[in-house]
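Trainee:
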Amino acid sequence: MRKPPVVKDVVRRFMPGVHRLVVSVRQKRAREACQRYVAELFAPEDEALRSLRREMAAAGLPEIYISAEEGRLLQVLLKAVAARQVVELGTLGGYSAIWMARALPEDGRLITVEREPRRAELARRYIARAGLGDRVEVRVGEALQLLEPLKAAGPFDAVFIDADKQNYPRYLEWCGDVVRAGGLVIADNAFKGGQVVDDTVQDDEVRGIREFNRRLARDPRFTAIVVPTRDGVAIGVVN
Ligand SMILES: C[S@@+](CC[C@H](N)C(=O)[O-])C[C@H]1O[C@@H](n2cnc3c(N)ncnc32)[C@H](O)[C@@H]1O
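If you want this note's numbering, it's the position in the sequence shown, counting the first as 1, plus 2.
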């Protein structure tokens with residue numbers, strides 16, 4: 003005997019728009035739950051990271067730092083290439099710098115670049131509090147101006163790009179010169195909140211990210227992919 007239709011079947015058949023909405027809300031909840039699951043299992047924060055987040059919020063800094071699971075992803079990548087010499091473009095309060103520095107050996111070195119002196123100062127304080135002052139150097143200034151002199155400190159095992167998006171293509175060019183073969187170019191915000199695939203958005207930042215992704219994908223010097231984290235992390239290995 004045929005079973006009577008349940009509400010869900012009626013909605014699917016007669017209200018396909020509502021049905022799609024319900025499915026997408028359910029999928030979004032499941033994705034967020036999985037993200038929390040991964041963060042709790044693989045990337046628990048210690049007090050140093052938690053208190054830095056609290057202080058950044060109290061200082062009114064924007065919440066534009068990486069997530070804990072992206073921090074863990076950076077650590078996995080740096081360990082995979084046995085990184086000792088790393089550069090970060092865009093320090094903010096030092097949250098990602100602390101994650102990365104913890105993946106370096108004792109004689110490893112992270113140079114991180116920030117144009118806002120107040121942010122650099124906060125980062126220095128928290129990096130020292132995390133016991134990483136000897137491994138991390140915060141340089142203050144415009145990244146494009148600091149990159150040329152920084153070449154002398156290379157070659158580098160990895161560069162993490164997380165500064166102004168319009169200059170991502172230039173930063174990639176620099177990486178092509180200073181990252182060793184087998185080393186990594188990593189960049190946050192490869193999706194720019196989904197705007198990379200929205201043709202109606204044509205501002206300089208989104209154009210910068212699109213151009214960066216295009217070059218990273220096509221340039222034969224790199225083997226690359228974007229990992230679909232919260233906002234996309236682009237990862238390129240130098241061939
Ligand atoms: C997204 S935040 C960095 C977040 C940090 N990597 C983290 O996850 O903890 C970007 C930072 O880059 C800095 N910045 C942006 N453009 C820059 C430039 N051209 N030179 C140096 N710093 C820059 C900003 O002041 C901001 O603090």
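Yeah, the Cβ is synthetic: ideal placement off N, Cα and C, and Gly gets one too.
Remember, it's a predicted structure, so these values are computed and weren't measured experimentally.
I need the boundaries of the alpha helix (DSSP H) containing Q29, first residue and last residue.
Mentor: Along the sequence shown, read from residue 1 onward, the residue named residue 29 stands at position 27. Looking at the DSSP string, the run of the alpha helix (DSSP H) that includes Q29 is 18 to 44.
Trainee: Have a look at W101, R172, D164 and flag the residue whose alpha-carbon is nearest the alpha-carbon of L146.
Mentor: Here the question's residue 146 lines up with position 144 in the sequence shown. When only C-alpha atoms are compared, the closest one is R172.
Trainee: Keeping to the same chain, check which residues put their C-beta closer than 8 Å to that of A219; ignore five residues upstream and five downstream.
Mentor: Along the sequence shown, read from residue 1 onward, the residue named residue 219 stands at position 217. Within the same chain, A219 has close Cβ partners A226.
Trainee: S26: buried (16+ other C-beta within 10 angstroms of its C-beta) or exposed?
Mentor: Stepping through the sequence shown from its first residue, residue 26 is reached at position 24. Per the 10 Å Cβ criterion, exposed.
Trainee: Assuming A103 contacts L91 (C-beta within less than 8 Å), just tell me the rounded distance between them.
Mentor: Looking up residue 103 in the sequence shown gives position 101. Looking up residue 91 in the sequence shown gives position 89. Not really, about 15 Å apart at Cβ, beyond 8 Å.
Trainee: Would the beta-carbon of I68 fall within 8 Å of that of Y97?
Mentor: The residue labelled residue 68 in the question sits at position 66 within the sequence shown. The residue labelled residue 97 in the question sits at position 95 within the sequence shown. Yes; because the gap between Cβ atoms is below 8 Å, this pair is in contact.
Trainee: Relative to the C-alpha of R141, which candidate in A132, D159, R120, D200 has its C-alpha closest?
Mentor: Taking the first residue of the sequence shown as position 1, residue 141 is located at position 139. Among A132, D159, R120, D200, the Cα nearest to that of R141 is on R120.
Trainee: Quick one, which of V78, F158, L54, F16 has its alpha-carbon nearest R131's?
Mentor: Residue numbering aside, residue 131 sits at position 129 when the sequence shown is read from its first letter. With distances taken between Cα atoms, R131 lies closest to L54.
Trainee: Under 7 Å from any heavy atom of ligand 1, does the C-beta of Y67 make it?
Mentor: Within the sequence shown, residue 67 is the residue found at index 65, counting from 1. Yes, the beta carbon of Y67 sits closer than 7 Å to at least one heavy atom of ligand 1.
Trainee: Starting from G237, trace the beta strand (DSSP E) both ways and give me its first and last residue.
Mentor: Counting from one through the sequence shown, the residue named residue 237 turns up at place 235. The sequence as given places Ile at residue 237; Gly does not occur at that position. Residues 235 to 240.
Trainee: Less than 8 Å between the C-beta atoms of D233 and F193, yes or no?
Mentor: Within the sequence shown, numbered from 1, the residue matching residue 233 stands at position 231. Within the sequence shown, numbered from 1, the residue matching residue 193 stands at position 191. Against a cut-off of 8 Å, the Cβ pair of F193 and D233 comes out as a contact.
Trainee: Less than 8 Å between the beta carbons of V83 and G178, yes or no?
Mentor: Indexing the sequence shown from 1 puts residue 83 at position 81. Indexing the sequence shown from 1 puts residue 178 at position 176. No.
Trainee: Are the CB atoms of G73 and W101 within a distance shorter than 8 Å?
Mentor: Translated into positions along the sequence shown, residue 101 becomes position 99. Translated into positions along the sequence shown, residue 73 becomes position 71. A contact, by the Cβ cut-off of 8 Å.
Trainee: Near F158, what residues of its chain come up, given a Cβ to Cβ distance below 6 Å and the 5 sequence neighbours on each side ignored?
Mentor: Residue 158 sits at position 156 when you count from the first residue of the sequence shown. Answer for F158: Q87, V89, V180, V181, listed in chain order.
Trainee: Can you tell me whether P63 is helix, strand or coil according to DSSP?
Mentor: Within the sequence shown, the letter at position 61 stands for residue 63. Looking at the sequence shown, residue 63 is not Pro but Leu. Correct three-state label for L63: coil.
Trainee: Where do the ends of the beta strand (DSSP E) carrying V140 lie?
Mentor: Position 138 of the sequence shown, counted from the start, is the residue given in the question as residue 140. Taken as a continuous stretch (DSSP letters only), the beta strand (DSSP E) holding V140 covers 138 to 142.
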